[in-house]
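Line by line, the protein sequences are chains A and B. When the letters of the first sequence are read in order and numbered with the working numbering, they come out as residues 1 to 350. When the letters of the second sequence are read in order and numbered with the working numbering, they come out as residues 1001 to 1350. Even glycine gets a Cβ: it sits at the ideal position worked out from N, Cα and C. Here the structure is laid out as structure tokens; the discussion comes afterwards.
Number of protein chains: 2
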Amino acid sequence: MCFFRDNIKAMTPYVPGEQPGVGERVIKLNTNENPYPPSPAAMAVLREFDGERLRRYPHPVADAFRRTAAEVHGVDPEWVLPGNGSDELLLMIANACFDRGRRVAYAVPTFTFYRTLAEIQAAEIVEVPYDEQFSLPVDELADAGADVTLVASPNSPSGTGYAAAELARLADALAGRGLLVIDEAYADFADSDATALPGLHENVMILRTLSKGYSLAGLRVGYAVARPELLEELMKVKGIYNVGAVPCLAAAAAMRDQDYKKRCVAQVVASRRKLAAELEHLGFRVWPSESNFLLVRPPDGRAKGIYEALKARGILIRYFRQPPLDDKLRISIGTGEQNAALVEAIRETL
Amino acid sequence: MCFFRDNIKAMTPYVPGEQPGVGERVIKLNTNENPYPPSPAAMAVLREFDGERLRRYPHPVADAFRRTAAEVHGVDPEWVLPGNGSDELLLMIANACFDRGRRVAYAVPTFTFYRTLAEIQAAEIVEVPYDEQFSLPVDELADAGADVTLVASPNSPSGTGYAAAELARLADALAGRGLLVIDEAYADFADSDATALPGLHENVMILRTLSKGYSLAGLRVGYAVARPELLEELMKVKGIYNVGAVPCLAAAAAMRDQDYKKRCVAQVVASRRKLAAELEHLGFRVWPSESNFLLVRPPDGRAKGIYEALKARGILIRYFRQPPLDDKLRISIGTGEQNAALVEAIRETL
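Listed below in structure tokens is the structure:
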């Protein structure tokens, strides 16, 4: 296939977690979805949708959503760029910033799609290993001298949240030479966030999504928060109409319904504490989590066996084959009932 | 902004046509939308949408839509790759195939986004001028020796459709050395299409969209039809979940409702013939069109004046500032009533 670039032919694609059919009777705790349904306000948008809005092209920067997100974050709309999920925003960053001869750095283990993005653009990759506690390696990341540094905060699969002050220190260290992208996909479940940083540092871009906190993984809406001069460059590489009319309006409705989101998030956070305590009681090591999932190590490190035994019982959790994760499991927080079924099944497995 | 690649900083972004608000009283004939509403079957999908499908991640290759589109075209699902509009598929092709030192060719004037795509990847651009009749310059395109050749068929802004035999001749001339992408965004309105070519030529990829024939520009669904080994490479550069659950199911419902689409298309084609005759009667040169729009030249070439006079009357059509289009206008086919209002307004302007 001489039609494709050599680096594309050579690379392996990103593989997402298993997706059983909606009808299948499975307890799905493998891809960090929110266990609670989306805001009724978002569902009402779908029910009452005006066909005229489908017949026509949507607004090229999803204006209605953009204004809502800006209001929620207390910034001007020009500081927000909506995307078809935050994965699309990551692709836009890769297209606009990554290149052969340019360097991309991030700490590992983290969201493996960062590596895919770098491979798509044949960029030079620097992977800094996290320590056992998943502390942010600020100095090592700064020393990598990358054009773009990516930090997931909270990180996946560890659940670790990083304080804004720590991220600010990294932004300072990279100032004038490197962009810091803070991927806050799970920030709705965290104790704090870094959305104030773009106002203070000209090299910081925040990514958010409605897939987790807002229970809208199927809708595909994410957004970047950054200085307008950064977003203007990103806009040059985006699809012409990258956010459809339905996601634009349904996501805006969901974001206006902050009370609903906060209630769902509070339930997830309470369940997370309970599940962590129960698994620790069973002898698991549980990493401190500020997200809607837990990274855990079974008492004997027999992670794969538990993953398979649970799968046979209709409970899907995430197992990563590669070290240093191959003795650990990532478990999304479900409803109280689902978490109880999980603990019961694990107890039978041990 | 040292964070961005030099070619991104240097380029100017693609500018889409004007989009007045849905509430504004405007006759909108500037961006080639279908004047008829989407299939009631697509609207029913929205009304009855299951929130569980929004809570969860969608299928990574929009399986339900993929199977429907494959059935409509009589190919296996592996021959279809759905995208967030065909603009996303074009971006995927650019990401997978375009590069510094690689060549992209197309005839001009055409969809100006092709140039944007090449600029995003700093690819070498060969623009072959169309003649006055917009005949396909098969030999010149073949001689360009490009890694990827793009042909919009029907072409925009000319409306010209190219016979499959002619496109096959170009595919043959490029065989073994270049990919031929046939962008069939307007093929639903054409006398014929080239969807049989991927089965016959290993270097052909067809792009389709639901934005035009299916009246679903706001939904954002397009797809590629090509050999699985080509689509597998494209898949490496796509967003993880690039088609949302709503567009997947609504587009599948619209595609299953072929009768509805055919009725809408037949009305547009009949209106196109009538409008062409009326404008010719007013002294306009009208290019033969197989699309849902007409490229026309006013009697005295005073295109800009007519565009502005119509805009003042609340009728939007498309005017392109650059030669050789600056004495021409592109007019989307509206409803019978809208077309009559347009002709009346033009008559008053002349």
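If we ignore side chains and look at the alpha-carbon of each, how far apart do residue i and residue j end up?
i         : j         : result
B:GLU1202 : A:TYR57   : 33 Å
A:ASP188  : A:ASN34   : 11 Å
B:ARG1227 : B:PRO1323 : 38 Å
A:HIS59   : A:ARG297  : 47 Å
A:TYR260  : A:ALA152  : 25 Å
B:ASP1193 : B:GLN1258 : 16 Å
B:SER1332 : B:ASN1030 : 6 Å
A:ALA185  : A:VAL221  : 11 Å
B:GLY1101 : B:GLU1124 : 6 Å
B:LEU1170 : A:MET43   : 48 Å
A:LEU216  : B:ARG1256 : 26 Å
B:ARG1263 : B:ARG1272 : 14 Å
A:GLU361  : B:THR1335 : Chain A is shown only over 1 to 350; residue 361 of chain A falls outside these bounds and no answer can be derived.
A:PHE134  : A:GLU290  : 13 Å
B:TYR1241 : B:ALA1069 : 18 Å
A:LEU54   : A:GLU127  : 43 Å
A:ALA62   : A:ALA245  : 8 Å
B:ASN1155 : B:TYR1036 : 22 Å
A:ASP25   : A:VAL15   : Residue 25 of chain A is actually Arg in this sequence, not Asp. Between A:ARG25 and A:VAL15, the C-alpha separation is close to 23 Å.
A:TYR130  : A:PRO198  : 25 Å
B:GLN1267 : B:LYS1274 : 11 Å
B:ASP1143 : A:LEU141  : 48 Å
A:LYS328  : A:LYS212  : 22 Å
Please list the partners that residue i has in chain A, where partner means a Cβ-to-Cβ separation under 7 Å.
i         : result
B:LEU1091 : GLY239
B:THR1031 : TYR57
B:TYR1014 : ILE240
B:ASN1084 : ASN84, GLY239 and ASN242
B:ILE1008 : ALA96, GLU233, LYS236 and VAL237
B:ARG1177 : CYS2
B:PHE1049 : LEU46
Using the beta-carbon count (16 or more within 10 Å), is residue i buried or exposed?
i         : result
A:ALA224  : buried
B:GLY1161 : buried
B:GLN1121 : buried
A:GLU308  : exposed
B:CYS1097 : buried
B:HIS1281 : exposed
A:GLU344  : exposed
B:VAL1204 : buried
B:GLY1176 : exposed
A:THR209  : buried
A:LYS9    : exposed
B:THR1195 : buried
A:GLU233  : buried
A:LEU200  : exposed
A:PRO38   : buried
A:PRO299  : exposed
Based on the DSSP secondary-structure assignment, which residues constitute the bridge partners of residue i?
i         : result
A:THR68   : Answer is none; A:THR68 lacks a bridge partner.
B:MET1205 : B:VAL1181
B:ILE1315 : B:ILE1027
B:ILE1240 : Paired residue(s): none; B:ILE1240 is not in a bridge.
A:ARG285  : A:ARG297
B:LEU1329 : B:VAL1296
A:GLY351  : Because chain A in this structure spans residues 1 to 350, residue 351 of chain A falls outside the shown range and cannot be described.
B:GLY1222 : B:GLY1083 and B:THR1209
Please compile the residues from chain A whose C-beta is within a distance smaller than 9 Å of the C-beta of residue i.
i         : result
B:ILE1120 : ASN95, ALA96, LYS236 and VAL237
B:MET1255 : What B:MET1255 touches in chain A: nothing, since even the nearest Cβ is about 14 Å away.
B:PHE1113 : ILE240
Find the residues of chain B that neighbour residue i, judging by a C-beta separation of less than 9 Å, and give them in chain order.
i        : result
A:GLU52  : VAL1022, PRO1037 and GLY1218
A:ASN155 : Under the 9 Å cutoff, chain B gives no residues; its nearest Cβ is about 18 Å from A:ASN155.
A:PRO247 : ARG1220, GLY1244, VAL1246 and PRO1247
So which residues of chain B does residue i contact, with C-beta pairs closer than 8 Å?
i        : result
A:PRO60  : PRO1016 and GLN1019
A:MET11  : LYS1236
A:ASP99  : ARG1005
A:ASN203 : PHE1003
A:SER158 : Those do not exist, as A:SER158 stays about 20 Å from chain B at its closest Cβ, beyond 8 Å.
Find the residues of chain B that neighbour residue i, judging by a C-beta separation of less than 7 Å, and give them in chain order.
i       : result
A:ASN34 : ARG1055
Taking Cβ-Cβ distances shorter than 8 Å, what residues in chain A pair up with residue i?
i         : result
B:GLU1088 : ASN84, GLY239 and ASN242
B:VAL1148 : PHE3
Nearest chain E C-beta to residue i closer than 7 Å, yes or no?
i         : result
B:SER1215 : The chain labelled as chain E is not found among the protein chains of the depicted structure, namely A and B.
- Query: Which runs of the alpha helix (DSSP H), 4 residues or longer, sit entirely within the segment 75-155 of chain A?
  - Reply: With a minimum length of 4 residues, the continuous alpha helix (DSSP H) runs that stay inside the segment 75-155 of chain A are 86-97, 113-120 and 138-143.
- Message: Report the start-end ranges of each beta strand (DSSP E) in the segment 168-201 of chain A that is 3 residues or longer and not cut off at the edges.
- Response: Correct list: 179-183.
- Item | 4-residue-minimum alpha helix (DSSP H) runs that sit fully inside the segment 25-53 of chain A, ordered along the chain | Correct list: 40-47.
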